[in-house]
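Q:
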Amino acid sequence: MDKLRTYVLGATGLVGQRYVEALARHPWFEVVGLAASEKSAGKTLASVWILESPPPPQLAEAKVEKLDVESVPKVDVVFSALPSEVASRVEPELAARGLTVVSNSSNMRLDPDVPLVVPEINPEDLRLVEEQRRRRGWRGAVVKKPNCTTTILNLPLKPILDHWGIAKLYVTTMQAVSGAGYSGVPSMAIVDNLVPHIRGEEEKVVAETRKILKRDVDISATTTRVPVLDGHTEVVYVETERDFELESVAEALENFRGLPQELKLPTAPERPVVVRREPDRPQPRLDRWAGGGMAVVVGRLRKLAPRRLAFVALGHNTIRGAAGNSILTAELMAKMWP
Ligand SMILES: NC(=O)c1ccc[n+]([C@@H]2O[C@H](COP(=O)([O-])OP(=O)(O)OC[C@H]3O[C@@H](n4cnc5c(N)ncnc54)[C@H](OP(=O)(O)O)[C@@H]3O)[C@@H](O)[C@H]2O)c1
């Protein structure tokens with residue numbers, strides 16, 4: 018089969034380059050164009066590369082284009098990693114031109130006709146695209162992935178919800194600096210420090226979790242920034258609706274699988290949730306690459322009282338929390354609508 022053609026918006030940023038890295042070795046997709054702001058226009062990918070691994074050789078000399086909606090070619094998928102204020106203008110225009118945009122930006126995530134998808138949790142929401150096209154008169158579509166923290170939180174929550182119900186939830190996060198983009202957090206603000214506030218993040222965790230799980234879950238969230246490069250850690254307390262055996266929770270997390278695993282999609286991790294039983298795991302440096310960055314690692318699983326569960330979850334924020342989740346979503350769309 019011919020590869021599906023993709024175009025990456027925000028290709029000089031942290032998430033954009035995670036897309037490029039993963040798409041360059043993807044069995045179904047290929048990158049046919051890269052765009053960013055005027056500042057990057059005309060530069061080679063190699064000259065603006067910021068990840069620790071080298072740029073994919075076949076794309077190293079590709080030129081970054083200045084983003085212009087009219088010049089985005091008729092590709093199969095546009096992957097968007099733009100600041101949301103830019104995306105909120107550009108993405109609807111691309112969808113109106115007939116392009117399918119799979120996006121990381123926070124604009125439109127809560128619109129009722131916009132799928133907000135973690136493929137293992139709510140793949141059925143991709144059907145909202147039909148309503149979106151009807152309501153907005155678009156030939157294309159905009160599909161969103163949730164906020165990185167929300168995605169990492171919701172993967173272990175889903176089997177807990179399905180087996181025992183969730184009455185109440187408290188989460189405190191320790192989020193990596195890469196979560197704010199390449200120039201998001203000044204080094205002087207974060208080295209030897211912790212910042213106990215991330216603007217808009219707590220509200221996103223609450224609202225997006227309710228949309229993904231389709232429940233009005235009672236959630237209290239505190240989000241903080243810590244001096245870790247990649248990998249968001251989340252301390253979670255869940256009050257379940259029904260009592261549980263701790264070992265059954267560990268088993269439910271380990272056995273959790275979704276449609277991507279059933280369909281054997283190329284970037285689906287074998288296990289979306291990995292349980293570590295050592296008392297000092299998960300840790301960002303040791304665990305962020307589990308499942309190629311696509312698995313969430315859960316540890317410190319404890320029963321504090323009847324119906325009171327505690328655990329620590331960790332996930333790679335620019336892979337499962339961003340580009341990886343979007344690519345998995347696009348794989349699912351390619352399989353559902355070949
Ligand atoms: N980092 C994460 O963990 C994460 C997780 C989930 C979601 N997200 C979301 O994903 C998006 C990208 O995040 P990021 O971390 O990759 O940010 P980033 O490192 O700051 O990259 C931003 C990208 O957008 C481009 N850009 C900025 N203004 C533009 C404009 N006017 N026209 C065209 N391109 C423009 C930049 O190009 P230049 O280099 O040319 O300026 C760069 O390629 C954001 O909406 C973010 O909220 C990020």
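Heads up, the sequence shown is in my numbering, so the first residue is 18 and it goes up one at a time.
Beta carbons: idealized from backbone N, C-alpha and C, even for Gly.
These numbers were taken from a predicted model, which means no experiment stands behind them.
What's the C-alpha gap between residue 184 and residue 167?
A: The residue given as residue 184 occupies position 167 in the sequence shown. The residue given as residue 167 occupies position 150 in the sequence shown. Approximately 18 Å between the Cα atoms of the pair.
Q: Where does residue 249 fall in DSSP's three states?
A: As a first step, residue 249 must be located in the sequence shown, where it is residue number 232. Reduced to three states, the DSSP call for residue 249 is strand.
Q: If we ignore side chains and look at the alpha-carbon of each, how far apart do residue 71 and residue 181 end up?
A: Here residue 71 is taken as the residue at index 54 of the sequence shown, counted from 1. Here residue 181 is taken as the residue at index 164 of the sequence shown, counted from 1. Roughly 45 Å between the two C-alpha positions.
Q: Is the beta carbon of residue 28 within less than 7 Å of some heavy atom of ligand 1?
A: One-based indexing of the sequence shown puts residue 28 at position 11. Correct: residue 28 has its Cβ closer than 7 Å to ligand 1.
Q: Looking at the secondary structure, which residues open and close the alpha helix (DSSP H) in which residue 229 lies?
A: Looking up residue 229 in the sequence shown gives position 212. 218-230 is the span of the alpha helix (DSSP H), which, as asked, contains residue 229.
Q: Could you pull the start and end residues of the beta strand (DSSP E) that residue 241 belongs to?
A: Taking the first residue of the sequence shown as position 1, residue 241 is located at position 224. From DSSP, the beta strand (DSSP E) with residue 241 extends over 235-242.
Q: I need the boundaries of the beta strand (DSSP E) containing residue 191, first residue and last residue.
A: Counting from 1 along the sequence shown, the entry for residue 191 is found at position 174. Here the beta strand (DSSP E) through residue 191 covers 183-192.
Q: Spatial neighbours of residue 328 within its chain, please: C-beta separation below 6 Å, excluding the five flanking residues on both sides.
A: The count along the sequence shown starts at 1 and reaches residue 328 at position 311. Same-chain partners within the cutoff: 253, 315, 317 and 318.
Q: Inspect the beta-carbon positions of residue 188 and residue 251 and report whether they are closer than 8 Å.
A: Working through the sequence shown from its first residue, we reach residue 188 at position 171. Working through the sequence shown from its first residue, we reach residue 251 at position 234. Taking 8 Å as the Cβ cut-off, residue 188 and residue 251 qualify as a contacting pair.
Q: Compute every distance between the C-beta of residue 8 and the non-hydrogen atoms of ligand 1, then say whether any falls below 7 Å.
A: The question about residue 8 has no answer here: the residues shown for the chain are numbered 18 through 355.
Q: Let me make sure I understand the geometry here. Which of 105, 131, 171 and 54 has the alpha-carbon closest to that of residue 84?
A: For this step, residue 84 is matched to residue 67 along the sequence shown. Cα-wise, what sits closest to residue 84 is 54.
Q: When you compare the CB positions of residue 336 and residue 35, do they come within less than 8 Å of one another, or not?
A: Taking the sequence shown and counting its residues from 1, one reaches residue 336 at position 319. Taking the sequence shown and counting its residues from 1, one reaches residue 35 at position 18. Yes. Within cutoff.
Q: Ligand 1 and residue 206: does the residue's C-beta get closer than 7 Å to at least one heavy atom of that ligand?
A: Position 189 of the sequence shown, counting from 1, holds the residue named residue 206. Not so, every heavy atom of ligand 1 lies at least 7 Å from the Cβ.
Q: Which residues in the same chain as residue 307 place their Cβ atom closer than 7 Å to its Cβ, once the five residues preceding and following it in sequence are excluded?
A: Here residue 307 refers to the residue found at position 290 of the sequence shown. Contacts found: 291 and 314.
Q: Name the DSSP beta bridge partners of residue 327, please?
A: Locating residue 327 in the sequence shown gives position 310, where the first residue counts as 1. Residue 327 is bridged to 254 and 319.
Q: Alpha carbon to alpha carbon, how far is residue 116 from residue 52?
A: Start at 1 with the first residue of the sequence shown, and residue 116 comes out as number 99. Start at 1 with the first residue of the sequence shown, and residue 52 comes out as number 35. If I take the Cα positions, the gap works out to 15 Å.
Q: Measuring CB to CB, does residue 270 end up less than 8 Å from residue 173?
A: Within the sequence shown, the letter at position 253 stands for residue 270. Within the sequence shown, the letter at position 156 stands for residue 173. For residue 270 and residue 173, yes; Cβs fall inside 8 Å.
Q: Have a look at residue 212 and residue 244 and give me their C-alpha separation to the nearest angstrom.
A: Counted from its first residue, the sequence shown places residue 212 at position 195. Counted from its first residue, the sequence shown places residue 244 at position 227. For residue 212 and residue 244, the distance between alpha carbons rounds to 9 Å.
Q: Provide the residue span of the beta strand (DSSP E) that contains residue 24, from first to last.
A: Position 7 of the sequence shown holds residue 24. Its beta strand (DSSP E) spans residues 21-26.
Q: What residues in its chain sit with their C-beta under 6 Å from that of residue 347, if we drop five residues either side in the sequence?
A: In the sequence shown, the residue the question calls residue 347 occupies position 330. Once the five neighbours on either side are set aside, the close Cβ partners of residue 347 are 94 and 119.
Q: Confirm, please, whether the CB-CB distance from residue 112 to residue 39 is below 8 Å.
A: Position 22 of the sequence shown, counting from 1, holds the residue named residue 39. Position 95 of the sequence shown, counting from 1, holds the residue named residue 112. For residue 39 and residue 112, no; Cβs fall outside 8 Å.
Q: Which residue from 320, 242 and 44 puts its Cα closest to that of residue 265?
A: As a first step, residue 265 must be located in the sequence shown, where it is residue number 248. Checked all of 320, 242 and 44; the closest Cα to residue 265 is 320.
Q: Hey, out of 164, 259 and 344, whose CA is closest to residue 217's CA?
A: In the sequence shown, the residue the question calls residue 217 occupies position 200. Nearest of 164, 259 and 344 to residue 217, Cα basis: 164.
Q: Taking the straight line between their C-alpha atoms, what separation do you get for residue 22 and residue 65?
A: Along the sequence shown, read from residue 1 onward, the residue named residue 22 stands at position 5. Along the sequence shown, read from residue 1 onward, the residue named residue 65 stands at position 48. Their Cα atoms are separated by approximately 22 Å.
Q: Taking residue 206 as the reference, which of 288, 242, 105 and 133 has the closest Cα?
A: For the purposes of this step, residue 206 is taken as residue 189 along the sequence shown, with counting starting at 1. The shortest Cα separation from residue 206 among 288, 242, 105 and 133 belongs to 242.
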